[in-house]
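Chemist: Numbering (our numbering), first residue to last: 324 to 417. Ideal Cβ positions, reconstructed from N, Cα and C, are used throughout, including at glycine.
Written as structure tokens, this is what we have:
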């Protein structure tokens, strides 16, 4: 599930990458991965087409910077993620 990139998100991404001295070729593509499994492209496309999201807008209340293996390919990769910073977008502490 992909999300739009706003100017604010791009600026935050740039700040985090600068602070982390990140020189990778990472391209900001905000998304929610619903499945980590090796599937053939046709099956992946079929599953994506059949997934309906009943929302036209999604609001996030927090943001976390995560150090992870790239690309993340498995549940084990996800379990190894390490949160290096977190911030509330609603004014509350995370």
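(1) Looking only at its own chain, which residues have a Cβ that is under 8 Å from the Cβ of residue 385, when we skip the five neighbours before and after it?
(2) In angstroms with no decimal places, state the Cα-to-Cα distance between residue 351 and residue 337.
(3) Quick one: what's got a C-beta closer than 7 Å to residue 328's C-beta in the same chain, skipping five residues either side?
(4) Provide the residue span of the beta strand (DSSP E) that contains residue 387, from first to last.
(5) State the Cα-Cα distance for the pair residue 344 and residue 404, rounded to the nearest angstrom.
(6) Along the chain, where does the beta strand (DSSP E) containing residue 397 start, and where does it finish?
Modeler: In short, the structure shows the following:
(1) 409, 410, 411, 412, 413, 417
(2) 10 Å
(3) 351, 353
(4) Residue 387 -> beta strand (DSSP E) spans 385-390.
(5) 19 Å
(6) Where residue 397 is concerned, there is no enclosing beta strand (DSSP E), given that its DSSP letter is neither H nor E.
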